[in-house]
Ligand code: GRF
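Numbering (UniProt numbering), first residue to last: 2 to 210.
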């Protein structure tokens with residue numbers, strides 16, 4: 002199965018995926034393409050170091066949103082991509098990509114959905130809001146992507162305690178280390194093994210054969 006990872010930032014989730022694959026934890030998956038909408042994203046450097054093709058695809062190069070998403074779709078199709086992994090990609094996927102890859106797009110979100118998600122909840126903002134609200138437990142979620150923002154069927158979640166003295170930065174780091182980098186590779190492995198079944202909008206994890 003050929004995977005593309007879409008990024009905008011540091012790419013620590015990309016790295017977690019590459020490390021897990023190297024360690025034999027994601028059998029059957031080959032990471033063949035990394036796409037970033039930001040030129041300075043360190044994720045592109047991580048791709049280069051891993052010997053994976055990295056493509057900088059900025060939205061400004063295109064007339065409108067539709068054209069960008071058609072170009073993105075074509076790039077993915079040209080590379081014979083089977084599954085798209087959103088690892089901090091800050092562009093909301095458009096219809097062309099959604100239609101061509103329906104049921105084959107996974108996203109990692111740094112909260113326990115349905116809390117602290119949806120429009121405007123991304124990056125540090127999620128953790129700022131978690132601290133502002135004073136919840137004691139947060140975490141991360143891997144889900145299938147549908148036409149809404151963070152509304153698709155939930156695949157895996159992992160909880161992380163909020164510490165009294167957390168700042169958005171310390172909390173973000175703990176959520177990444179303890180939850181995101183753990184559940185994203187696991188979810189990709191389950192998907193690649195054909196063990197994720199959607200029933201009535203919910204994910205059932207099938208037993209290993
Ligand atoms: C992560 O917190 C991820 O959950 C969110 O964006 C961030 C990306 O970080 N969607 P990185 O680029 O993987 O380091």
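Even for Gly, the Cβ is constructed at its ideal location relative to N, Cα and C.
At what residues does the beta strand (DSSP E) containing residue i begin and finish?
i           : result
residue 109 : 106-110
residue 143 : 138-145
residue 207 : Segment: none, residue 207 is in no beta strand (DSSP E) and carries neither H nor E.
residue 113 : It is not in any beta strand (DSSP E) - residue 113 carries neither H nor E in the DSSP assignment.
residue 32  : 31-37
Tell me where the alpha helix (DSSP H) around residue i begins and ends.
i           : result
residue 5   : Counting along the chain, residue 5 falls outside any alpha helix (DSSP H), though it belongs to the beta strand (DSSP E) covering 3-8.
residue 46  : 43-50
residue 130 : 125-134
Considering only residues of the same chain and omitting the five flanking positions on each side of residue i, which have a CB-CB separation below 7 Å?
i           : result
residue 99  : 148
residue 197 : 156, 191, 204 and 206
residue 153 : 144, 145, 146 and 147
Within its chain, find whatever has a CB closer than 6 Å to the CB of residue i; leave out the 5 residues flanking it on each side and keep chain order.
i          : result
residue 51 : 19
Considering only residues of the same chain and omitting the five flanking positions on each side of residue i, which have a CB-CB separation below 8 Å?
i           : result
residue 66  : 60 and 95
residue 194 : 28, 29 and 209
key: Completely contained beta strand (DSSP E) runs for the region 53-97, where each covers 3 or more residues   = Along the length of the region 53-97, whole beta strand (DSSP E) runs at least 3 residues long occupy 54-57 and 84-87, reported in chain order.
message = Check whether the region 7-20 and the region 89-99 touch, using three or more Cβ-Cβ pairs below 8 Å as the test.
response = The region 7-20 makes contact with the region 89-99; the number of CB pairs closer than 8 Å reaches 3 or more.
task = Could I get the ranges of all uninterrupted beta strand (DSSP E) runs contained in the region 154-200, with 3 residues as the minimum, in chain order?
result = For the region 154-200, the continuous beta strand (DSSP E) assignments of 3+ residues that do not extend past its boundaries occur at 155-162 and 197-200, in sequence order.
query = Hey, is the region 167-183 in contact with the region 122-130, meaning 3+ C-beta pairs nearer than 8 Å?
reply = The region 167-183 makes contact with the region 122-130: 3 or more CB pairs, one atom from each, lie closer than 8 Å.
query = Between the region 28-46 and the region 76-86, do at least 3 Cβ pairs fall closer than 8 Å?
reply = Three or more pairs of CB atoms, one per stretch, sit closer than 8 Å, so the region 28-46 contacts the region 76-86.
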